[in-house]
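Asks:
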Amino acid sequence: IKETPVRAMIHAAAEFVPTPATLIALVVVATPTSKGLAGMFIGDLVAAWGAAADLSSERHIVWVDKPFRRVLSCAPPMYDELWTAGKAMYKLEPALAEDGELIIFAPHLDVVSHVHGKYIYEIGYHVLPYFLKQWDRFKHVPLGILAHSTHVRGDGRFENGIEYPRASVALATKIPPEACAQLALGYRDPDEINVAEWQNLEEDGILYVPKAGEMLYRVREQPEAQ
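So the sequence shown is numbered by this note's numbering: it starts at 395 and just counts up by one.
#1: Among the candidates Gly599, Lys512 and Arg453, whose CA atom is the shortest distance from the CA of Pro426?
#2: Hey, could you find the ends of the beta strand (DSSP E) Leu565 is sitting in?
#3: For the structure I just gave you, are there three or more beta carbon pairs, one from the stretch 559-575 and one from the stretch 499-509, closer than 8 Å?
#4: Taking the beta carbon of Val372 as the centre, do at least 16 other beta carbons fall within 10 Å, making it buried, or is it exposed?
#5: Could you check if Glu516 is buried or exposed, using at least 16 other CB atoms within 10 Å of its CB as the buried criterion?
#6: Which value, in whole angstroms, describes the spacing of the CA atoms of Phe552 and Pro461?
#7: Compute the Euclidean distance between the alpha carbons of Val546 and Val563, then round it to the nearest angstrom.
#8: Would you call the CB atoms of Ala606 and Ala482 closer than 8 Å?
#9: Whose C-beta lies closer than 7 Å to the C-beta of Leu431 among residues of the same chain, with five residues either side of it excluded?
#10: If distances are taken between C-alpha atoms only, which option among Glu596, Glu475, Lys527 and Pro523 comes closest to Ile514?
#11: With 16 as the cutoff for other CB atoms within 10 Å, does Tyr611 come out buried or exposed?
#12: Should His520 go down as buried or exposed, given a rule of 16 or more other Cβ atoms within 10 Å for buried?
#13: May I ask which residues mark the beginning and end of the beta strand (DSSP E) holding Leu431?
#14: Cβ-heavy atom distance between Thr427 and the ligand SAM below 7 Å?
#15: Spatial neighbours of Ala442 within its chain, please: C-beta separation below 7 Å, excluding the five flanking residues on both sides.
#16: Give the secondary structure of Gly511 by DSSP, where H, G and I count as helix, E and B as strand, and everything else as coil.
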């Protein structure tokens with residue numbers, strides 16, 4: 395995830411800047427066990443960035459050995475709308491198994507988006523091909539809102555008019571069941587979720603994340619069998 399097309403474009407654009415540049419790249423952490431500066435790299439633009447990115451992959455990503463089939467992703471009260479609490483999904487999706495289930499648990503949350511709610515209720519949450527293959531239907535919607543929709547819904551396919559999400563996503567919030575259905579998301583009653591029943595079950599493929607949205611979760615690449 396270090397070398398991406400966007401990063402390549404940034405580096406290419408920087409080559410057109412005539413003024414010599416020295417990069418100061420900071421890696422900052424804010425976790426329950428560590429807060430502050432994790433590293434500072436000064437030097438050539440690409441080299442300093444590369445060193446900072448390498449450290450960031452160690453400090454900002456939780457690496458797991460295998461994907462989880464069920465995830466209870468708790469969005470803290472600082473996320474007061476689904477527009478921001480959606481990070482509880484897309485920060486965890488890389489560690490979610492095929493056909494798995496992720497529940498965004500946020501009993502305090504009762505708003506999809508104060509600013510963009512009208513559009514989001516109109517289009518719902520869907521996989522990217524759902525929009526691309528029906529572009530004339532959705533081309534009036536701002537791209538940032540479409541991106542938010544696909545990030546929360548996750549990866550999947552859209553074939554012959556049928557959507558096939560890679561995994562299921564449900565809300566356990568104050569947003570009522572009928573609104574979740576309109577949004578094309580599942581519903582779970584937050585009062586019926588016992589957090590203790592989700593804890594310490596990683597070996598069974600169940601993950602509990604008490605403060606989701608800040609750390610990215612990814613599955614380590616496993617060595618190929620000889």
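We treat Cβ as the ideally placed atom computed from N, Cα and C, and that holds for glycine.
All figures in this text were calculated on a predicted structure; none of them were measured in a lab.
Replies: In this structure, then:
#1: The residue labelled residue 426 in the question sits at position 32 within the sequence shown. Closest by alpha carbon: Arg453.
#2: In the sequence shown, counting from the first residue as 1, residue 565 sits at position 171. Looking at the DSSP string, the run of the beta strand (DSSP E) that includes Leu565 is Ser562 to Ala566.
#3: yes
#4: The displayed coordinates of the chain run from 395 to 620. Any statement about residue 372 would go beyond what the structure contains.
#5: Here residue 516 refers to the residue found at position 122 of the sequence shown. The residue in question, Glu516, is exposed, as its Cβ has fewer than 16 Cβ neighbours within 10 Å.
#6: Your numbering for residue 552 matches position 158 in the sequence shown. Your numbering for residue 461 matches position 67 in the sequence shown. Distance between the alpha carbons of Phe552 and Pro461: 23 Å.
#7: For the purposes of this step, residue 546 is taken as residue 152 along the sequence shown, with counting starting at 1. For the purposes of this step, residue 563 is taken as residue 169 along the sequence shown, with counting starting at 1. Taking the straight line from one Cα to the other gives about 8 Å.
#8: The count along the sequence shown starts at 1 and reaches residue 606 at position 212. The count along the sequence shown starts at 1 and reaches residue 482 at position 88. Yes, these two residues count as a Cβ contact at 8 Å.
#9: For the purposes of this step, residue 431 is identified with residue 37 of the sequence shown, where counting begins at 1. For Leu431, where only same-chain residues beyond five positions count, the Cβ hits under 7 Å are Leu420 and Val422.
#10: For the purposes of this step, residue 514 is identified with residue 120 of the sequence shown, where counting begins at 1. It is Glu475.
#11: Position 217 of the sequence shown, counted from the first residue, corresponds to residue 611. Its Cβ being crowded by 16 or more others within 10 Å, Tyr611 is buried.
#12: Counting from one through the sequence shown, the residue named residue 520 turns up at place 126. Answer is buried; the Cβ neighbour count reaches 16.
#13: The count along the sequence shown starts at 1 and reaches residue 431 at position 37. Run containing Leu431: Lys429 to Gly437, per the beta strand (DSSP E) assignment.
#14: Here there are no bound small molecules, and the ligand SAM is not part of this structure.
#15: By 1-based counting over the sequence shown, the position of residue 442 is 48. Taken in chain order, the residues that qualify are Leu417, Ala419, Phe435 and Ile436.
#16: Against the sequence shown, residue 511 aligns to sequence position 117. Note: Gly511 maps to helix in three-state DSSP.
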